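Q:
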Amino acid sequence: MTDLNLKISQIIAGELNVGSHQILAAITLLGEGNTIPFIARYRKEVTGG
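Just so you know, the UniProt record's numbering puts 47 at position 47 of the sequence shown, and the rest follows in order with no gaps.
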């Protein structure tokens, strides 16, 4: 992950009041082609949701 991506994830995490590791996990899962409903139902342990 680039420095820019890390900075953006920190900004998003601050706005949503969640950990930056949760944002990075969600970005990674989406980048792998997972859908939001799939992540919400089956990958809660990864995103901490």
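Built from N, CA and C at the ideal position, the CB exists for glycine as well. Keep in mind that this is a model prediction, so the values were computed, not measured.
1) Taking only three categories from DSSP, how would you classify T47?
2) Taking the continuous alpha helix (DSSP H) assigned at G31, which residues delimit it?
3) Does T28 get closer than 8 Å to chain C when you measure Cβ to Cβ?
4) Mapping DSSP to helix, strand and coil, what is K5?
A: With the given structure in hand:
1) helix
2) S20 to G31
3) Absent from the structure is chain C; it holds one protein chain and no more.
4) Note that residue 5 is Asn in the sequence shown here, rather than Lys. Looking at N5 - three-state DSSP - the assignment turns out to be helix.
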